[in-house]
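K.L.:
Here it is: the structure, laid out below.
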Amino acid sequence: MDLPAVPVTGSLAESFGAAFGRPPDGVWHAPGRVNLIGEHTDYNDGFVLPFALSRGVSVAAARRDDGLIEVRSRQAAAAVTAPVDGPPVVSEGWPDERSWAAYPVGVARVLREHGAGGATLLIDSDLPQGAGLSSSAALECATALALRDLHGVQAGRPALARLAQRAENEQVGMPCGLMDQSASLLCTAGHALMLDCRSGLSSQVPFDPAAAGLTLLVVDTRASHALTGGEYGRRRAECEEAAALLGVAALRDVEDLAGALGTLRDPVLRRRVQHVVTENHRVEATVGLLRAGALPEFGAMLNASHLSLRDQFEVSWPEADATVDTALLAGARGGRMVGGGFGGSVIVLTPADRAAKVRDAITAAYAERSWTPPEFLDAVPSQGAHRLS
Ligand code: ADP
Ligand code: MG
60 MDLPAVPVTG SLAESFGAAF GRPPDGVWHA PGRVNLIGEH TDYNDGFVLP
110 FALSRGVSVA AARRDDGLIE VRSRQAAAAV TAPVDGPPVV SEGWPDERSW
160 AAYPVGVARV LREHGAGGAT LLIDSDLPQG AGLSSSAALE CATALALRDL
210 HGVQAGRPAL ARLAQRAENE QVGMPCGLMD QSASLLCTAG HALMLDCRSG
260 LSSQVPFDPA AAGLTLLVVD TRASHALTGG EYGRRRAECE EAAALLGVAA
310 LRDVEDLAGA LGTLRDPVLR RRVQHVVTEN HRVEATVGLL RAGALPEFGA
360 MLNASHLSLR DQFEVSWPEA DATVDTALLA GARGGRMVGG GFGGSVIVLT
410 PADRAAKVRD AITAAYAERS WTPPEFLDAV PSQGAHRLS
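Written out as structure tokens, the structure is:
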């Protein structure tokens with residue numbers, strides 16, 4: 060069936076009207092996120108500290124009561140209409156051009172168990188996809204909030220985050236943790252979110268770099284994630300093996316690091332444990348520094364995290380190392396790779412008045428090495444998912 064093209068200019072509500080011949084019932088927005096510190100700690104039942112970006116995914120939506128969910132995106136060519144009552148999308152094997160719709164349709168199928176019905180959705184986003192800023196969770200959370208409001212589903216934000224995570228696990232088939240959806244739904248402006256990945260409990264931690272004369276840069280290193288799949292799985296398996304050898308449920312439970320390092324014979328497992336245990340301490344130390352208003356000191360935590368990820372967990376990549384080294388030489392307070400590793404982004408904390416110099420130095424370092432130029436984003440801790448209109 061030929062559908063009218065989705066206009067890419069004008070407001071999302073106007074585009075919705077042009078595409079579907081009626082106004083939306085509302086427009087909802089959910090942000091992407093950056094994890095300040097706490098890398099490879101989530102699947103070890105540990106701590107993470109993400110904050111919401113100002114960029115994210117918006118969804119214009121209208122309720123429908125025919126049991127169908129119809130989704131279109133300004134960033135995807137294929138429109139998809141599917142029954143809300145269906146099996147896990149992953150089991151239906153949707154072809155490539157429809158695969159993006161597994162996220163919103165998957166959310167609708169999970170929320171159906173809680174009383175939600177169908178809707179017509181038009182999606183728009185200013186987040187890069189697959190850059191480690193969690194466009195997938197933003198898409199899920201904007202959809203979940205819209206369906207909750209349209210159908211009067213009784214679910215608070217923490218519950219909604221779990222439902223969105225279930226959609227990604229069960230419907231899309233991605234075994235992600237709870238961080239991305241929690242960040243998108245629970246973060247508040249000027250704060251990071253301390254999340255305990257074991258209990259799911261979280262608390263707000265003041266984080267306002269601009270007020271402290273600082274800038275947090277996100278540097279997309281433009282390096283590929285080609286190795287991530289296998290290496291990520293291997294790291295998870297190594298952590299599980301070490302926990303089993305140490306007789307704890309997860310590496311989060313290791314209290315005596317020196318004792319644990321003495322027990323383990325395999326030097327690789329020792330390095331992995333050293334990273335996870337010290338990284339959890341760095342999250343807690345960072346929370347302490349931020350609560351004390353000692354923002355510049357937090358740069359040292361970023362540097363320690365990067366060295367640990369590079370040397371103990373062995374997941375960094377040349378562009379990330381060069382970015383951090385160059386930023387420090389140019390006067391930044393600290394920096395580290397973020398995400399699973401082997402590609403993706405780096406964050407850099409710099410005095411605001413040196414941000415331009417740091418950016419230029421990084422760009423020059425890439426040019427010297429004939430690497431694809433990096434991209435920069437000023438990360439401002441922003442409000443979590445909300446209704447726009
Ligand atoms: P990340 O979450 O780091 O951006 P993922 O691979 O987890 O990367 O999620 C990216 C996927 O989410 C895309 O390949 C696409 O399927 C879907 N997606 C994200 N944003 C949009 C959008 N605006 N329109 C359509 N699909 C989107
Ligand atoms: Mg994702």
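Note that my numbering numbers the sequence shown so that position 157 is 216, with each residue one more than the last.
From the three backbone atoms N, C-alpha and C, an ideal C-beta is built for every residue, glycine too.
Model, not experiment: these values are computed from the prediction.
(1) Quick one, which of ARG418, GLN134, GLY97, ALA242 has its alpha-carbon nearest SER367's?
(2) Which of helix, strand or coil does DSSP assign to TRP153?
(3) Starting from VAL484, follow the alpha helix (DSSP H) in both directions and report where the run begins and ends.
(4) When we look at the beta-carbon of PRO90 and count the other beta-carbons within 10 Å, is it buried (16 or more) or exposed?
(5) Per DSSP, which residues does TRP87 bridge with? Please list them.
(6) Following a CB-centred definition, is TYR162 positioned closer than 8 Å to any heavy atom of the ligand ADP?
(7) Using 8 Å as the threshold, is the region 145-160 in touch with the region 102-122, meaning 3 or more CB pairs across them?
(8) Secondary structure at ARG131, three-state DSSP: helix, strand or coil?
(9) Identify, in the order they occur along the chain, each residue of the same chain with its Cβ nearer than 8 Å to the Cβ of VAL212, setting aside the five sequence neighbours on each side.
(10) Considering only residues of the region 334-378, which uninterrupted alpha helix (DSSP H) runs meet the minimum length of 4 residues and lie entirely inside it, listed in chain order?
(11) Three Cβ pairs or more, each shorter than 8 Å: is that satisfied between the region 232-250 and the region 103-110?
(12) For the ligand MG, any of its heavy atoms closer than 8 Å to the Cβ of ALA196?
(13) So, at 7 Å on beta carbons, what are the nonlocal neighbours of MET272 in its own chain, with the 5 sequence-adjacent residues on each side left out?
(14) With respect to the beta strand (DSSP E) encompassing PRO265, which residues constitute its N-terminal and C-terminal limits?
(15) With a threshold of 9 Å between beta-carbons, can THR385 be considered close to chain D, or not?
(16) MET233: beta carbon under 8 Å from a heavy atom of the ligand MG?
(17) Cutting at 6 Å between CB atoms, please list the residues of its own chain near PHE357, excluding the five before and the five after it.
P.N.:
Answer, in terms of the structure:
(1) GLY97
(2) coil
(3) Within the shown structure, residues of the chain are numbered from 60 to 448, placing residue 484 beyond reach of any answer.
(4) buried
(5) VAL118, ARG446
(6) yes
(7) no
(8) strand
(9) LEU170, HIS173, GLY174, ALA175, LEU206
(10) 357-370
(11) yes
(12) yes
(13) Note that residue 272 corresponds to Gly in the displayed sequence, not to Met. If we look at GLY272 and ignore the five residues flanking it on each side, its Cβ neighbours are PRO410, ALA411.
(14) 261-265
(15) Absent from the structure: chain D. Only one protein chain is present.
(16) yes
(17) THR345, LEU348
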